[in-house]
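**Student:**
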Amino acid sequence: MTRRLVVALALAVGALMLWSASALALTTRGHVFSFAFGSEGSGEGQFGATGPKEIAVNEARGELYVVDKANNRVERFTCTSSGCAKPETGPPQLNVTGPEHIVAVNAKGHVGSVYVSTAAEVIKKFTPEVSEKKVIGFKESELKGWKAEGEPKEEFGEIFGLGEFEGHLYFYEEPVVRELNGSTLVKEIPLEEECESRPELSLGPGETIYAAQQRIPPFPGAECEGEAVVVSKFNGEGAVLSPAISRENTTGVAVDNSNGNVYLDNVTYLAAFGTSAPAS
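Using our numbering, the first residue of the sequence shown is number 1, and each one after it goes up by one.
1) So what does GLY137 bridge to, in DSSP terms?
2) Among the candidates THR184, ARG61, GLY41, ALA85, whose CA atom is the shortest distance from the CA of ALA70?
3) Determine the burial state of SER34: buried for a count of at least 16 other Cβ atoms within 10 Å of its Cβ, exposed for fewer.
4) State the Cα-Cα distance for the pair THR127 and ALA36, rounded to the nearest angstrom.
5) May I have the straight-line CA-CA distance separating ILE136 from TYR115, to the nearest angstrom?
6) Using 8 Å as the threshold, is the stretch 98-113 in touch with the stretch 53-60, meaning 3 or more CB pairs across them?
7) Can the beta-carbon of PHE171 be found closer than 8 Å to that of LEU185?
8) Should GLY157 go down as buried or exposed, given a rule of 16 or more other Cβ atoms within 10 Å for buried?
9) Quick one: Cα of GLY38 to Cα of PRO92, how far?
10) Looking at C-alpha atoms only, which residue of ASN181, GLU121, THR89 is the closest neighbour of GLU132?
11) The beta strand (DSSP E) spanning HIS168 covers which residue range?
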């Protein structure tokens, strides 16, 4: 079974700069820098003082969603290999108070809904309204919790990340990742951790889970003290498979599997990396 890789990472670290360890790693993995956009502000294509927080991609429509927490919104763009711009139809932003994490549904046969978790510990669902294959608006609904079979309903606690596979929503609440079908619990996946951490959830091929972890030492002098934020890889049972690249100065990454483009944000700006050089 193949999972779509849409990596959405968060938790900004470092100064305002375009290049980072993550960007360098992308260039060494066959990706070529394509373009960058964004500045500080509250207008279209701008981001608040805390910068863009997380990113999600709708592969079918080439749409990029960017969490702009400081401005209480999720910005929406349409992107090509040479740039991102305001969409021709539908709203340029989704209004969300205290947006935290985001995932776009790319499962076959689904309309491409977008889930956004908030600081109020609820998950907003935005379902696109489509006319002649173009998005003209979004219908908003809300999830406040989940329910296991035969058990009372549970409210969400603090959510540290969202993911999606075949239309099912995954969310991370320490110490487990939970899979939901609607609001019904399908399964729980505990993640093994050497040190206390705050993972940001995303899903990858081969039933793997990727989590960006800010290592937090359980006591002074612990081995993980001072470690950079890294991306760790887990299998479907929650066991650690391998760590990945450091994310110094990086607040988010998203991969568009339809064309191989990788979008990476560095505090204020957004950069795009393609599998080939952009046309001149």
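Cβ coordinates follow ideal geometry from the N, Cα and C atoms, glycine included.
These numbers come from a predicted model, not from an experiment.
**Tutor:** With the structure as the only source:
1) GLY137 pairs with GLU129.
2) Proximity to ALA70 across THR184, ARG61, GLY41, ALA85 peaks at GLY41, based on C-alpha coordinates.
3) With at least 16 other beta carbons inside 10 angstroms of its own, SER34 counts as buried.
4) Distance between THR127 and ALA36, taken at the CA atoms: about 28 Å.
5) Distance between the alpha carbons of ILE136 and TYR115: 18 Å.
6) Touching, yes.
7) Contact: no.
8) Around the beta-carbon of GLY157, fewer than 16 other beta-carbon atoms lie within 10 Å, marking it exposed.
9) Those two C-alpha atoms are separated by around 15 Å.
10) If we check each option's Cα against that of GLU132, THR89 comes out closest.
11) DSSP places HIS168 in the uninterrupted beta strand (DSSP E) bounded by 168-173.
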